[in-house]
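Protein chains: 2
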Amino acid sequence: MDNNKGNQTGQECIEHKGLLEKLTDEQFNRILQNHNTFLFEKGEIICSEGNEIINFLFLQKGLIKLLKTGKNNKEHIINVAKPDDFIGLLNFFSRSEYLYSVTAIEDSVVCGIDFRLMKQLLEENSGFAMDIIEKISLAANDAVNARLKINSRQLRGRIAYIILFFAEHIYGKDHFELPISRKEIAQLIDMSTENVIRILSEFRKDKIISIDGKKITILDHDRLKRVYELG
Amino acid sequence: MDNNKGNQTGQECIEHKGLLEKLTDEQFNRILQNHNTFLFEKGEIICSEGNEIINFLFLQKGLIKLLKTGKNNKEHIINVAKPDDFIGLLNFFSRSEYLYSVTAIEDSVVCGIDFRLMKQLLEENSGFAMDIIEKISLAANDAVNARLKINSRQLRGRIAYIILFFAEHIYGKDHFELPISRKEIAQLIDMSTENVIRILSEFRKDKIISIDGKKITILDHDRLKRVYELG
DNA sequence: CGCGGCTTTGATGTTCATCAAGTAAAGTGG
DNA sequence: CCACTTTACTTGATGAACATCAAAGCCGCG
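If you read the protein sequences in the order shown, they are chains A and B. Residues 530 to 760 (the working numbering) make up the first sequence, in order. Residues 530 to 760 (the working numbering) make up the second sequence, in order.
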C-alpha cells in the first residue's frame, strides 16, 4: 500500500464479511486484531502495478478500478469492482507484487489483512480455501467473459454494455451518476474518447438515454439491451 | 465428458504429475485408483460448453483449444493449452457445468479425476489447495493479459504475437507446424481469416518468416519481436 | 472425380481512430 | 475572489485500418 491513511475502528470488516464468511469466529477474530482499515478519496491510488504485496486487500465500501499499463504507456481498465467483488485479488496469491494498479473512483474504505495471516488461515481452514478457490474461479471467468463481450462488439454495443454494466451490476437502477469520465469509459471498453461521447450523444438523440453531465438515465431499457445484443 | 474413449493403464498420470505435485503418496494413489484416461484424436471434442462437470480434467499429452461461442454463434478461442497448463480448469471449481468447450487440436491424452474426490483432496490437504489457488491465479492472469496484449495491438502485432506464442510457449523452437488453421488463428486473435493470410504473406515477403503450408519457420526472430512490440 | 472446406489475392466499403478547434468546467495561485 | 491554466467535453472532417465480398486455385476425402 502506497499511502497510509487514517486507521479506523475495525468495525467495517464485520459489516461486510464478504470473502471471509467461511472463517470460524476464532479465526475471524484474529483478523480483526490484525488488520488495518484505510480510507481513500476519489481519485487516490490504492496500490500500484509492481509494488510488493504486503496486505490482502478487500474493498469494504466504495468503488474502485483496476488498471494495467499497456503498450505506449496507455492505461487499460481491466475491471470496475464494488464491495465483495474480488479487487485485484486475482493476483494476490500468485506473485509477490501487484500485477495491476488499483484506484478509487469513489470514496472507498479498504481493509488490509496481513498477507501471511491470510495464507495461514487458508492452510488451517480448507472450507475457507475452497470458498476462495471458487471465488477466484468466478472472478477469472467474469474477467475473461467481460473482455470477450466487449471485444466482440462494435462501438454502439460496447457503450450499451457499459451503461448496462453500471445500471445493473453496480447501481441496480436505471438512473445513476457515472463515477468515471468519458476518457475512462474509453479505456475500459477499448475505444477513443471522442467516440464514447459521439455514441452517448447518439443514444441521447435516439431517446434511449438522457444525459446531464455525468447523470445518466436509461429511458428505453429494452432498446438498450437490443443494441447490446445486436452488437 | 461426451465421448468415452478407451481407458488406458493409468501410467500417464504418473509421468506428468503436474498439478498434483503437492499430494502425498497416499493421496496420489487414491487418484491412481479412481481416474480414467481418455484418448482424443485431433479435432475431437473433449467437453462442451454447458455440459455437466463430472471429472476434473487434466491434459497429459497433446494440445487443446478452449472455445466459447459468442455473438451470432461465432466461435472465439480463449486459449491454447499444452500439458500442465490449466485446461478449462478456470471454471472447474466455480460451477456445475463447463463454461467453455474444449477440443483437441493434436492427438491428446486426458486424465479425468472424479470431481468429488478432487474436492475431498483439496479439503484434506491445504498445501495442495494453496498450490491450486496459486495456479488458478496465474492462469487467470495469463488469460486476462493475453486478451489485453491481443486487443491492444493491430493486425501485424497480433500475427507476430501468435507466431511467437507457438514458437516460444508451445513448441520452444523457431521451426514448427501450425496445429490450427488460418481460420482458427483468426478466431484466436480476433480478426478475419483473409487478413491472417494476407499478413502471413506479408511477413513471408519481408523474409521475417517462411511458410510451407502449415510449416512455419521464423527467419528473423528479432524483427518479429519488434513487430510485436510496435504493435 | 467432384464436392466442400481451406487457402489465397484483389477490390470495395464501413468502422473507427485521429486530428483540429472550440466550449465548458474545474482546479490553482496570487 | 478573480485571472489563469489545465482538464474534461463536444462536434466535424479526414484518412487509415480493417471486414467483407468475390473469384479462383488447391487439397483431402468419400
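Built from N, CA and C at the ideal position, the CB exists for glycine as well. Since the model is a prediction, treat every value here as computed from it, not as a measurement.
In the structure shown, the three-state DSSP call for E758 of chain B is helix. Using a Cβ-Cβ cut-off of 9 Å, G656 of chain A counts as an interface residue toward chain B, since at least one Cβ of chain B sits closer than that to its own. Taking 3 residues as the shortest admissible run, the region 561-637 of chain B contains the following complete beta strand (DSSP E) segments, listed from N- to C-terminal end: 564-569, 574-576, 584-590, 593-598, 604-610, 630-633. Q649 of chain A and F657 of chain A have their C-alpha atoms spaced approximately 11 Å apart. The C-beta of R685 of chain A comes no closer than 9 Å to any C-beta of chain B. I714 of chain B sits in a helix when the DSSP states are folded into three classes.
Beyond the five residues adjoining it in sequence on each side, D636 of chain B comes within less than 6 Å, by CB distance, of E570, K571, G591 in the same chain, given in chain order. The Cβ atoms of L651 of chain A and I665 of chain B lie no closer than 9 Å to each other. In this structure, the straight-line span from the alpha carbon of N602 of chain B to that of E578 of chain B is close to 13 Å. Cβ atoms of N670 of chain A and D719 of chain B stay farther apart than 8 Å, at about 19 Å. Contacts between A672 of chain B and chain A, judged by CB atoms closer than 8 Å, involve A669, A672, V673 in chain order. Contact between E581 of chain B and E626 of chain B holds: CB atoms are separated by about 5 Å, below the 8 Å threshold. Around the beta carbon of H704 of chain B, a 10 Å sphere encloses fewer than 16 other beta carbons of the protein chains shown; the residue is thus reported as exposed. Between the beta-carbon of V639 of chain A and that of Q683 of chain A there is about 36 Å, and that puts the pair past the 8 Å contact cut. For a Cβ distance threshold of 7 Å, residue set L677, S681 of chain A lies close to G599 of chain B, ordered along the chain. Look at the region 636-674 of chain A and you find these whole runs of alpha helix (DSSP H), each 4 residues long or longer: 644-653. In this chain, the beta strand (DSSP E) harbouring T746 of chain A covers 744-747.
For I737 of chain B, the secondary structure class from DSSP, reduced to helix, strand or coil, is coil.
The beta carbons of I692 of chain A and I606 of chain A sit about 15 Å from each other, so the pair does not count as a contact at 8 Å.
Within the same chain, Cβ atoms closer than 6 Å to the Cβ of K712 of chain A are found at T722, the five residues on either side in sequence being excluded.
Within chain B, the residues placing a beta-carbon under 7 Å from that of G760 of chain A are K600, ordered along the chain. Our two residues, I634 of chain A and L759 of chain A, have alpha carbons roughly 30 Å apart in a direct line.
Burial state of L628 of chain A is buried, judged by a 10 Å Cβ sphere holding 16 or more other Cβ atoms. The beta-carbon distance between A689 of chain B and Y757 of chain B, rounded to whole angstroms, is 4 Å. This is short enough to meet the 8 Å contact definition. Counting only Cβ-Cβ distances below 7 Å, I661 of chain A has contacts in chain B at I662, in chain order.
DSSP, reduced to helix, strand and coil, places E550 of chain A outside both helices and strands of the structure shown, so it counts as coil.
Between Q716 of chain B and E604 of chain B, the gap from beta carbon to beta carbon is short of 9 Å.
Distance from the CA of K551 of chain B to the CA of D660 of chain B, rounded to the nearest whole angstrom, comes to 7 Å. K648 of chain B has a beta carbon lying within less than 9 Å of a beta carbon in chain A. Our two residues, L707 of chain A and R752 of chain B, have alpha carbons roughly 44 Å apart in a direct line.
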